[in-house]
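Everything below concerns the one structure shown next.
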Ligand code: PMV
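In my numbering, the protein residues as written are 65 to 379.
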């Protein structure tokens, strides 16, 4: 038997880093996906094949013995195999359109699509149950995950998130194009977050003012998104980027990418932890070809995305 599932990647539209200190963030799913195929095999093995490598191990191993970024898949497969005695082993194949390790939610999309595809071989589960499984498996590689990425990958669309109130999917469906440019510098979220913590400790007043500014900005953005007012949204993107510059998560390359994006966009900013990773530009349809050419002429990997309103898909 074979089971397939796919889940979208994500971008943080607004609020990264400040969200760590209680400010609201806005995330959205993007129409770049990861597809996971799971099938039962006669051999008592878990094998995983993906574009970042492969893994073949006997079930029932302690998760700490699995030294691979494919750990979440092993965790999911092993857990499911333990809960029954009909299926002996599993073969898992991963196909990804999402660049890895640059803040576009590739690991969360893997966990969500993996949880759905694998668990479906053993019976039907609700989206909520799949999300819980996905977050549990993501914790094998990122202990402190907030679960925000897995949530937006599961349900799709736009979501607001804050530490106190959790997630809330926004009902509006604004229609815009983002162009994502990749610095190809893999970033460690953990180390950039601790750099920001240091900035905060050395600039207590300044940081608290920035949190207030960001809170106001997000409040405005929620109205702007509802009205689908792209020009105003672009201004807020530029403003948010200034705050990210101030807290020191940008660098020469990211600043250059934002400058390149400026020419044909309504606004550009870093998405995610920074220090590397990606930026996005909010683009009018008429400028889509121009901006892609501009990034390519400057040797940046880039692609356009729209919001994915579908979320997890099984087939
Ligand atoms: O680049 P990413 O997707 O890992 O984004 C991290 C977002 C932060 O706000 C910097 C950290 C966090 O845990 O919210």
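Every residue, glycine too, gets a C-beta built ideally from N, C-alpha and C. Quick caveat, the model's predicted, so the values are computed rather than measured.
- At least one heavy atom of the ligand PMV lies less than 8 Å from the C-beta of residue 337.
- Contact check for residue 170 against residue 160 passes: the beta carbons are separated by less than 9 Å.
- Within its own chain, the residues whose Cβ lies closer than 7 Å to the Cβ of residue 354, once the five positions on either side in sequence are excluded, are 328, listed in chain order.
- Counting along the chain, residue 133 sits inside no beta strand (DSSP E), nor does DSSP assign it H or E at all.
- Taken in chain order, the whole alpha helix (DSSP H) runs of length 4 or more contained in the stretch 263 to 301 are 268 to 291.
- Following the DSSP letters along the chain, one finds residue 356 inside the alpha helix (DSSP H) bounded by residues 352 to 361.
- The beta-bridge partner set that DSSP reports for residue 101 consists of 68, 157.
- Setting aside the 5 residues that flank it on each side, residue 97 is surrounded in the same chain by 70, 72, 161, each with a C-beta closer than 6 Å to its C-beta; the list follows chain order.
- Residue 322 sits away from residue 303, with the two beta carbons spaced by 9 Å or more.
- In this structure, the straight-line span from the alpha carbon of residue 253 to that of residue 83 is close to 13 Å.
- Between the stretch 91 to 109 and the stretch 174 to 185, the count of C-beta pairs closer than 8 Å reaches three or more; the two stretches touch.
- Check the Cα spacing between residue 104 and each of 297, 210, 165, 156: the tightest is with 156.
- In the structure shown, the three-state DSSP call for residue 188 is coil.
- The Cβ atoms of residue 167 and residue 331 lie no closer than 9 Å to each other.
- By the beta-carbon neighbour count (other beta carbons within 10 angstroms, threshold 16), residue 142 is buried.
- As the crow flies, the alpha-carbon of residue 351 is around 52 Å from that of residue 122.
- The shortest C-alpha to C-alpha distance from residue 151 to any of 134, 107, 124, 164 is the one to 107.
- Between residue 247 and residue 343, the CB-CB gap stays under 9 Å.
- For residue 80, the CB falls within less than 8 Å of some heavy atom of the ligand PMV.
- Around residue 203, the same chain offers 209 as residues with beta carbons nearer than 7 Å, after the five sequence neighbours per side are excluded.
- In the DSSP assignment, residue 113 forms a beta bridge with 118, 157.
- No Cβ-Cβ contact shorter than 9 Å links residue 286 with residue 307.
- Straight across, the Cα-Cα distance linking residue 291 with residue 120 is about 50 Å.
- Non-local beta-carbon contacts of residue 67 in its own chain, meaning distances under 6 Å to residues more than five positions away in sequence, involve 102, 181, 184, 185 in chain order.
- Straight-line spacing of the CA atoms in residue 111 and residue 336 works out to 31 Å.
- For residue 211, the Cβ stays outside the 8 Å cut-off from all heavy atoms of the ligand PMV.
- Straight across, the Cα-Cα distance linking residue 214 with residue 205 is about 13 Å.
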